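Student:
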Amino acid sequence: MRIASSLNQIVTLIKRNRFFKYSAIFSGLFVIAIFVLVFWKIIPQAKISGYIPLHYNIYLGIDKIGPWQKVFVIPGMALVLYLVNIIFEAIFLKREHVLSYFFAVGTVAAEIVFFIATILVIKLNS
4 MRIASSLNQI VTLIKRNRFF KYSAIFSGLF VIAIFVLVFW KIIPQAKISG YIPLHYNIYL
64 GIDKIGPWQK VFVIPGMALV LYLVNIIFEA IFLKREHVLS YFFAVGTVAA EIVFFIATIL
124 VIKLNS
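All you need for my numbering is the position in the sequence shown, starting with 1, plus 3.
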């Protein structure tokens, strides 16, 4: 019961402020795009081989190969960061408005970095 009311307060606070609403939507779209890219591009390739390249170094080339399930680390981290930062945005919106704006901008920036990392892992496996 208490969790539901807390979630309702978070949604209400984000709906009230247009900046937070758009940053949450934009970040959420990036998280969805990251998961879609992984399922669309990596999973079909993973069925061919159990191991895929996970990291590329310009000096040594491919330097990390692992099971295909490890490709879900990036989308998982993106989702956790998104959820935690949305909660922090709502908490700090009541007390510290500037800090809440930093969380909103930081969430979008971090999701863009995760999106680029996902694209690079996909290009590495193509």
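Ideal Cβ placement from N, Cα and C applies to all residues, glycine included. Computed from a predicted structure; not experimentally measured.
1. Output needed for Thr110: all residues of its chain with C-beta closer than 6 Å, excluding positions within five of it in sequence on either side, in chain order.
2. What did DSSP end up calling Gly142 once you bin it into helix, strand or coil?
3. Less than 8 Å between the CB atoms is what I'm expecting for Thr121 and Ile77, so what's the real figure, rounded?
4. Look at the alpha carbon of Ile90 and the alpha carbon of Gly69, and state the distance between them as a whole number of angstroms.
5. Could you name the residues that DSSP lists as bridge partners for Gly109?
6. Output yes or no for whether 7 Å exceeds the beta carbon distance between Tyr59 and Leu127.
7. In the DSSP assignment, find the beta strand (DSSP E) that holds Lys67 and state where it starts and stops.
8. Closest to Gln12 by CA distance: which of Ala113, Ala112, Tyr104, Leu96 is it?
9. On the three-state DSSP scale, how would you describe Asn88?
10. Straight-line CA distance for Ile125 to Leu86?
Tutor: Here's the rundown:
1. Ser30, Asn88
2. Only positions 4 to 129 of the chain appear in this structure, which leaves residue 142 out of reach.
3. 5 Å
4. 33 Å
5. The partner list for Gly109 (beta bridge, DSSP) is empty, contrary to what the question assumes.
6. yes
7. 64–70
8. Leu96
9. helix
10. 24 Å
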